[in-house]
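These protein sequence lines map, in sequence, to chains A and B. 0 is the number of the first residue of the first sequence in numbering that gives the first Met the number 0; add one for each residue after it. 0 is the number of the first residue of the second sequence in numbering that gives the first Met the number 0; add one for each residue after it. Glycine included, every Cβ here is placed at the ideal spot set by N, Cα and C. This one's a predicted model, so the numbers in the text were calculated from it and none came from an experiment.
Protein chains: 2
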Amino acid sequence: MNQTIVELLQRHELRKTAMRGEVLKIFLEAGKQAITHPELEQRLPDADRITLYRTLKAFEDKGLIHQVVDSGNATKYALCNDACTEHRHHDEHAHFHCNDCGKTICLDSITTSTIQVPRGFKVQQTHLVLEGTCNNCEN
Amino acid sequence: MNQTIVELLQRHELRKTAMRGEVLKIFLEAGKQAITHPELEQRLPDADRITLYRTLKAFEDKGLIHQVVDSGNATKYALCNDACTEHRHHDEHAHFHCNDCGKTICLDSITTSTIQVPRGFKVQQTHLVLEGTCNNCEN
DNA sequence: TAGACAAATGCAACAATATTGCAAGTTAAA
DNA sequence: TTTAACTTGCAATATTGTTGCATTTGTCTA
Ligand SMILES: [Mn+2]
Ligand SMILES: [Mn+2]
Ligand SMILES: [Zn+2]
Ligand SMILES: [Zn+2]
Numbered sequence: 000m001n002q003t004i005v006e007l008l009q010r011h012e013l014r015k016t017a018m019r020g021e022v023l024k025i026f027l028e029a030g031k032q033a034i035t036h037p038e039l040e041q042r043l044p045d046a047d048r049i050t051l052y053r054t055l056k057a058f059e060d061k062g063l064i065h066q067v068v069d070s071g072n073a074t075k076y077a078l079c080n081d082a083c084t085e086h087r088h089h090d091e092h093a094h095f096h097c098n099d100c101g102k103t104i105c106l107d108s109i110t111t112s113t114i115q116v117p118r119g120f121k122v123q124q125t126h127l128v129l130e131g132t133c134n135n136c137e138n
Numbered sequence: 000m001n002q003t004i005v006e007l008l009q010r011h012e013l014r015k016t017a018m019r020g021e022v023l024k025i026f027l028e029a030g031k032q033a034i035t036h037p038e039l040e041q042r043l044p045d046a047d048r049i050t051l052y053r054t055l056k057a058f059e060d061k062g063l064i065h066q067v068v069d070s071g072n073a074t075k076y077a078l079c080n081d082a083c084t085e086h087r088h089h090d091e092h093a094h095f096h097c098n099d100c101g102k103t104i105c106l107d108s109i110t111t112s113t114i115q116v117p118r119g120f121k122v123q124q125t126h127l128v129l130e131g132t133c134n135n136c137e138n
């Protein structure tokens, strides 16, 4: 298990297990691209489905990945930036969902700005999802 | 079946059936609040689950309701405004999802504005989801 | 108003996604 | 090395969604 992975797990108070190492490796390789549970299953054929669910949950709880709101059916996850911790996520950026290839990517450059809401409402988090055709599918 | 409901179905080229009447009635009563499939099942205990799915699909296709992107697990739907047709939806507004009561409502007053995306990306639709505490749960 | 025809429904079967409980194995810390 | 807490794998179960097909219903036209 490479050094970056070990450090990331430790910094987020996650025990260093084989499964977590492999899953985190996949997220690091995916970079800005969000990943679904089925994709992980495919890339780790020997991994137990249920443990995968729990791994994702643990990663999310500890601020290592964030859930991506998306018009698709299956939940997607992507790597957080360094600022996210167990106590607070800082994923104030938009996501782009391509209707052609189905990929969803984090657009860190687009931050979700504060929006005026009706009286009595309190906003804790904002999700901005852009749907269309990605630069790879556009020609 | 009341007159408003009959007119709405006809305007959207939907055959007037008992099931559709009841489902549409629930949407009209819900107003700005989005509804999930399970909620419909609960409110219409005699309705067939599968037919409900197809009813929602038909309503969406014909521009009567729109799907609401949400951080929850189950898909939500809400009434469209009059401008939506079979050929095009015009649901460029934000949605508020309350983490306390779980309700999701349409915020028609907040329209999704155009956002500058990276080169090569083409945006077809924008979803803006605000998550927090609604005016009813706040105290 | 009585067919004809297309559309909608109900049921069965199945697929995909997700949660819980528990025993056994593993990790980290003392 | 021992211990305690955490993680895993498996079974069972729940939830959400899709497809095929025979039957019923709604709408249109003669
Ligand atoms: Mn992201
Ligand atoms: Mn809406
Ligand atoms: Zn694409
Ligand atoms: Zn609320």
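Roughly how many whole angstroms lie between the Cα atoms of B/D107 and B/H92? Approximately 5 Å between the Cα atoms of the pair.
Does the beta-carbon distance from A/L43 to A/V22 come in below 9 Å? Remark: C-beta atoms of A/L43 and A/V22 approach each other more closely than 9 Å.
Under a CB-based cut-off of 9 Å, is A/L127 close to chain B? Chain B contact via Cβ: present.
Contact residues within the segment 102-124 of chain A, judged by C-beta distance below 9 Å to chain B: Result list: L106, S108, I109, T111, I114, Q115, V116, P117, R118, G119, F120, K121, V122, Q123, Q124.
Could you check what DSSP says for A/V22 in three-state terms: helix, strand or coil? A/V22: helix per DSSP, three-state reduction.
Jot down the residue ranges of each uninterrupted beta strand (DSSP E) in the segment 29-71 of chain A, minimum 3 residues, whole runs only, in chain order. Qualifying beta strand (DSSP E) stretches, in chain order: 64-67.
So which residues on chain A does B/F95 lean against when the C-beta distance must stay under 9 Å? Within chain A, the residues near B/F95 are V116, P117, F120, V122.
Please enumerate, following chain order, all residues with a beta carbon closer than 7 Å to at least one heavy atom belonging to ligand 4. A Cβ closer than 7 Å to some heavy atom of ligand 4 marks a residue here, and those residues are B/C97, B/D99, B/C100, B/K102, B/T132, B/C133, B/N135, B/C136.
For B/I25, I'd like the list of residues in its chain whose CB is within less than 8 Å of its CB, leaving aside the five on either flank, ordered along the chain. Apart from the 5 residues on each side of it in sequence, B/I25 sits with its Cβ closer than 8 Å to the Cβ of I34, L39, R42, L43 in its chain, given in chain order.
DSSP state of A/L129, grouped into three classes? Residue state, collapsed to three classes: strand.
Would you verify that the beta carbon of A/D69 is, or is not, closer than 9 Å to some beta carbon of chain B? It does; some Cβ of chain B falls within 9 Å.
Sequence-distant residues of its chain with Cβ nearer than 7 Å to A/H88 (five each side left out): Apart from sequence neighbours up to five positions away, the residues of its chain that approach A/H88 with a beta-carbon distance below 7 Å are G62, H65, C79, ordered along the chain.
Report the rounded CA-to-CA distance for B/A46 versus A/N134, giving the unit in angstroms. If you take the alpha carbons of B/A46 and A/N134, they lie about 44 Å apart.
Inter-residue spacing [alpha-carbon to alpha-carbon] between B/K102 and A/K56: Straight-line spacing of the CA atoms in B/K102 and A/K56 works out to 23 Å.
Beta-bridge partners of A/V122, as assigned by DSSP: For A/V122, the pairing in a beta bridge is given by DSSP as B/G131.
Please check the pair A/S70 and B/V68, which I expect to be a contact at CB under 8 Å, by giving their CB distance rounded to whole angstroms. About 5 Å separates the two Cβ atoms, so the contact holds.
Pull up the distance between the alpha-carbon of A/Q9 and that of A/L27, whole angstroms please. A/Q9 and A/L27 have their C-alpha atoms spaced approximately 16 Å apart.
Beta carbon of B/C105: closer than 8 Å to some heavy atom of ligand 2? Annotation for B/C105 indicates a beta carbon within 8 Å of some heavy atom of ligand 2.
Is it the case that the CB of B/H65 approaches a heavy atom of ligand 2 more closely than 8 Å? The nearest non-hydrogen atom of ligand 2 is less than 8 Å from the C-beta of B/H65.
Alpha-carbon spacing of B/C83 relative to B/D90, whole angstroms: Here the alpha carbon of B/C83 sits roughly 8 Å from the alpha carbon of B/D90.
Return the CA-CA distance between B/I4 and B/Y52, expressed in angstroms with no decimal places. So the alpha carbons of these two residues sit roughly 19 Å apart.
Is the shortest distance between the beta-carbon of B/Q32 and the beta-carbons of chain A less than 9 Å? Chain A contact via Cβ: absent.
B/P117: which of A/T132, A/V122, A/N1, A/A77 sits nearest, CA to CA? If you compare the alpha carbons of A/T132, A/V122, A/N1, A/A77 with that of B/P117, the shortest gap goes to A/T132.
Would you call the CB atoms of B/H96 and B/H126 closer than 9 Å? Result no, Cβ atoms of B/H96 and B/H126 do not sit closer than 9 Å.
Got a sec: does ligand 1 put a non-hydrogen atom nearer than 8 Å to the Cβ of A/D90? The answer is yes for A/D90.
Quick check: does the Cβ of B/H86 come within less than 8 Å of any heavy atom belonging to ligand 2? No, the beta carbon of B/H86 sits no closer than 8 Å to any heavy atom of ligand 2.
Limits of the alpha helix (DSSP H) - the one that B/I109 falls within: Here B/I109 belongs to no alpha helix (DSSP H); instead the beta strand (DSSP E) covers 103-110.
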